[in-house]
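Per numbering that gives the first Met the number 0, the very first residue in the sequence shown carries number 0; after that it's consecutive. Glycine residues also receive a C-beta, built at the ideal position from the N, C-alpha and C atoms. See below for the structure under consideration.
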Amino acid sequence: MVEANEAWGEWYKEEQSRSRMLVRIQLAKQMLAYGFFYQVHTLDFRGREYTACELLSCQGVDFDKALLMFSVPKEQTPRGLWWLKVHVANLFDQDKLPFEDRVKWVDNNMKMLKAINDDPFGNKEWISNAKKKNNSFQRLAAVFELFRTDGMTQLPVQMDGANNGVQHWSAIMHDATLAELTNVVPNEKPQDLYRFVAHTVTDILKDRDDDWSRLFLGHWQGSIDRSVTKRPTMTDAYGVTFYGVQKYLKLEGHLDWVSKDKRNAAVTELARAIKFGLEDTMTEPNKGKEWLREVARIASDQNKPLVWTTPCGFVVQHVYNQVVERVSYAELFNRQQLVFCTVTSDLDGNAQYLGISPNFIHSLDSSHMFCTVWRMYLQGINAYSFVHDSYGTYAVDIDEMNKILREEFANMHKENLLERFKKEVEERLGVRLPDPPKRSGELNISKVLDSKYFFS
């Protein structure tokens, strides 16, 4: 009976997914009559940019991204084709290789890719089995673009940051080890922070040598897989909690192989090991996060919000008011609830405390993106496909975008951003704040200009 319910649940999810795809296709057909359309964007209180409509959005699901192209074709170049091949390889899970090897992978698999292009129904190598972040249709779109015969290009080519949040923390704290692991400094091949944390968790489990640890190590053949630690590590820079680590383990099904009666205990034990692994790895960023939380507590004691200006000039107002009444109605579509709240003018000290670390880093993400967009615009590049820490444009403009985004990162981190934050908050609150934690070492942030894999 349990297996039947799970099978029905999986079928229902697939049916929902198919329905969402049909909606996108119908909308795309309607938009074709106009030749192009504008996607409206909006900002949240941290300056983070979101598309106002999730349909046919570069920030949407796989279907959306696969259907979208820039409205004006550009002439393809040999260098643009090279970056398009990197993009194809990335989508086919070759993104941990050096760039040259990614291009070589595409060249070596041209026969397979051409077969997909000619007959995608008969050649299904483009279909991914990934449960989360399945990019099957983006693969198909990239293959179609690769074999265009008109000499033009329109597909957005993406460059992804190597754990953007930790990149910022490594620069803030001058943590040379994290800077290397997140490709802030040059490396011959791309480094992998997620794998490093997975190895750290593996060592922790080996040292424990208890029943759970032996069970985990046995299942993953002696070394925890990087996919297990990827999401917790990705969100650590934004203040992931122990509960958050448990949630990701459940959502991504990493422990579905454990019997249901023992699964919750397994999730707790593995989450504990991952949290210890993250604490060992993120020692310096954790000092910065704790200092930010102390500042938030001081401001909350005065019932005053935290306000700061990001390097791009956006003013962030970090305000969480107390909720005195909350009325929830029945579950609606997509497991959402309709909730009405009554708030007061008093601040919610706990929310202010918990939210400051992720919101500070999110504001830096946003600032980096907007500084990059502005510089690209000044250089005559007016096509963007940006998703927080994934920057995209025409293949022929990738080299210029890469140069600009590195220059803007180096420029924003020339000064100590915690010292800048402290000075502005002191002026606004009229108080004396504790000094930020000392930086751990010497890091020449200008080295990012020569880092091939900072965004890759």
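Bridge partner(s) assigned by DSSP for residue i
i      : result
LEU305 : HIS317
LEU42  : GLU48
THR152 : LYS73
PHE454 : GLY160
Delimiting residues of the beta strand (DSSP E) encompassing residue i
i      : result
ASP159 : 156-159
THR392 : 389-392
C-alpha distance - residue i paired with residue j, whole-angstrom precision
i      : j      : result
SER135 : ILE444 : 37 Å
GLY171 : MET281 : According to the sequence displayed, residue 171 carries Ile and not Gly. Going by the C-alpha atoms only, they are around 13 Å apart.
VAL318 : ARG419 : 20 Å
LEU417 : LYS437 : 10 Å
ILE24  : GLU53  : 14 Å
VAL102 : GLN157 : 15 Å
MET375 : PHE69  : 16 Å
VAL266 : SER450 : 37 Å
GLN58  : SER366 : 18 Å
SER362 : GLN316 : 11 Å
LYS249 : GLY348 : 30 Å
TYR49  : MET30  : 21 Å
TYR193 : GLN153 : 32 Å
GLU425 : VAL306 : 10 Å
LEU177 : TRP373 : 28 Å
Top-ranked residue by Cα proximity to residue i, from the options
i      : options                        : result
SER384 : TYR33, LYS64, ARG19            : LYS64
ARG45  : GLY354, SER18, LYS123, LYS437  : GLY354
ASN302 : GLN351, GLU289, GLU179, ASP449 : GLN351
GLY287 : GLU187, ASN320, TRP168         : TRP168
ALA270 : GLN58, SER258, HIS253, PRO72   : HIS253
PHE91  : ARG78, MET109, LYS188, GLN75   : MET109
ILE380 : ASP388, LEU31, ALA394, SER389  : ALA394
THR148 : LEU139, ASN116, LEU177         : ASN116
PHE195 : LEU180, LEU432, GLU426, ALA161 : LEU180
VAL386 : PRO231, SER356, ASN163, ASP398 : ASN163
ASP345 : MET368, GLY440, PRO304, ASP364 : PRO304
PRO189 : ASP100, ALA175, LYS132         : ASP100
VAL142 : ASP159, GLY160, ALA264, ALA114 : ALA114
ASP61  : THR308, LEU139, ASN285         : LEU139
ARG207 : LYS246, ALA272, ALA161         : ALA272
ASN122 : LYS131, MET111, LYS132         : MET111
Host alpha helix (DSSP H) of residue i (start-end)
i      : result
SER365 : 348-377
GLY121 : GLY121 -> no alpha helix (DSSP H), and no H or E assigned at all.
GLY287 : 282-300
ARG194 : 192-207
ASP210 : 210-218
ASN415 : Looking at the DSSP string, ASN415 is not in any alpha helix (DSSP H), and its letter there is neither H nor E.
PHE136 : 135-145
SER439 : Per DSSP, SER439 belongs to no alpha helix (DSSP H) and is neither H nor E.
GLN245 : 241-250
PRO231 : 225-235
ARG405 : 397-411
VAL102 : 98-107
Short CB-CB distance (under 8 Å) between residue i and chain C
i     : result
ARG47 : Absent from the structure: chain C. Only one protein chain is present.
(message) Between the stretch 207-221 and the stretch 113-131, can you find at least three pairs of beta-carbon atoms closer than 8 Å?
(response) no
(request) Would you check if the stretch 391-410 and the stretch 447-454 touch, i.e. whether three or more CB-CB distances between them fall below 8 Å? (result) yes
(message) Three or more C-beta pairs under 8 Å: does that hold for the stretch 72-80 against the stretch 30-37?
(response) no
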